[in-house]
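At position 186 of the sequence shown (counting the first as 1) the number is 1178 in the working numbering, and the numbers step up by one without a gap. Glycine included, C-beta positions come from ideal geometry on N, C-alpha and C.
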Amino acid sequence: MRIARIASSSGAVHAVPDGERWQPVSDPFAAFASGAAPVPLGAPVDSPVFLAPVDPRVVVGIAQPADPGGPVGAWLKSPRTVVASGAEVALRRDAGRPVIEGEVAVVIGRSTAGLTPENAASYVLGVTAVNDVSSPDRFDPRNFEVKGGAGYTPLGPWIETAIDLEKVDLAVRIDGVERVRTGTHELPAPVADCLAYVAHWIELGPGDVVMTGAPRSAFPVEQGALVEIEVAGALLRTRFR
993 MRIARIASSS GAVHAVPDGE RWQPVSDPFA AFASGAAPVP LGAPVDSPVF
1043 LAPVDPRVVV GIAQPADPGG PVGAWLKSPR TVVASGAEVA LRRDAGRPVI
1093 EGEVAVVIGR STAGLTPENA ASYVLGVTAV NDVSSPDRFD PRNFEVKGGA
1143 GYTPLGPWIE TAIDLEKVDL AVRIDGVERV RTGTHELPAP VADCLAYVAH
1193 WIELGPGDVV MTGAPRSAFP VEQGALVEIE VAGALLRTRF R
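Written as structure tokens, this is what we have:
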């Protein structure tokens, strides 16, 4: 199932595809927690404005080990950097050459209390595309300056729910040229292990996001570039200026 978040006269609502239109639905996180599907609400929308598919309270980035079997790390990125697919993002001009990182973003479906590598998938609503924009020339141990920038976490456009966490495809295109085709199968640490590591230290909740790392999918970017990141059929587009 695809689950988007769209603008309406009453605010943001979730929606699912209905042919060429999008059908507003009830809270997908409440439905996930109860083991049910979200129910339709109101009339379908012909030409929706897509927002970021979630409004997370927490965004976690995974620091993948250099080699399989190595220790996983993590860091936090401000949720205020999240923007929707189609947003224009101004690159910082005071932080060196920027880099885009195409990644698979895991969307948490319920409280991660009790999450283990063995049951991690049961806590996940789905995945979407994320662009973890970075300024590597400003590297610092906390990833504060290197990850700081308005709009530096483009996310979306929707959540794909029918996935195998360890077999999610990822592609990156810059100005129409494919730069890499990869996926979570190329990450040094399994996604389930990464989620368990995070859950061991902090409790995540519905709508929180875990960026799983860049498997050969980080590239320098210039002003004017159009970056497209495709994850499991979800195509995230960002123009940089």
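{"Item": "Per-residue burial, S1026 [other beta carbons within 10 Å of its own, 16 or more giving buried]", "Value": "exposed"}
{"Item": "V1008 versus V1017: straight-line alpha-carbon distance, rounded", "Value": "7 angstroms"}
{"Item": "Residue nearest to V1051 in terms of C-alpha spacing, selected from L1187, A1082, A1112", "Value": "L1187"}
{"Item": "With 16 other Cβ atoms within 10 Å as the buried cut-off, status of A1058", "Value": "exposed"}
{"Item": "For R1134, three-class secondary structure by DSSP", "Value": "coil"}
{"Item": "Candidates D1124, T1120, P1146, of which the one nearest V1138 by Cα", "Value": "D1124"}
{"Item": "Reference I1166; option with closest CA among V1074, A1217, V1081", "Value": "A1217"}
{"Item": "Among E1095, A996, G1062, nearest to P1036 - alpha-carbon criterion", "Value": "A996"}
{"Item": "Rounded Cβ spacing between V1219 and F1232 (contact assumed at less than 8 angstroms)", "Value": "7 angstroms"}
{"Item": "Local Cβ density within 10 Å of L1033, reported as buried at 16 or more and exposed below that", "Value": "exposed"}
{"Item": "Local conformation of E1080 per DSSP, three classes", "Value": "strand"}
{"Item": "Three-way DSSP call (helix, strand, coil) for V1213 in this model", "Value": "coil"}
{"Item": "8 angstroms Cβ cutoff met for L1107 and A1191", "Value": "yes"}
{"Item": "Stretch-stretch touch, CB-based, cutoff 8 angstroms, three pairs: the region 1085 to 1094 with the region 1107 to 1117", "Value": "no"}
{"Item": "Candidates S1000, S1070, V1031, G1062: closest to V1041 by CA position", "Value": "S1000"}
{"Item": "Distance CB(P1071)-CB(P1149) smaller than 8 angstroms", "Value": "no"}
{"Item": "Contact check, T1176 vs V1183, beta carbons under 8 angstroms", "Value": "yes"}
{"Item": "Bounding residues of the beta strand (DSSP E) (the contiguous stretch that carries L1228)", "Value": "1226 to 1232"}
{"Item": "Close beta carbons around A1029, own chain, < 8 angstroms, minus the five adjacent residues each side", "Value": "M993, A1023"}
{"Item": "Same chain, Cβ closer than 7 angstroms to I1155, five either side skipped, listed in chain order", "Value": "G1118, V1119, A1224"}
{"Item": "Limits of the beta strand (DSSP E) - the one that S1000 falls within", "Value": "994 to 1000"}
{"Item": "Own chain residues within Cβ distance below 6 angstroms of V1075, not counting five before or after", "Value": "G1143, P1146"}
{"Item": "Beta-carbon proximity of D1047 to G1199, cut-off 8 angstroms", "Value": "yes"}
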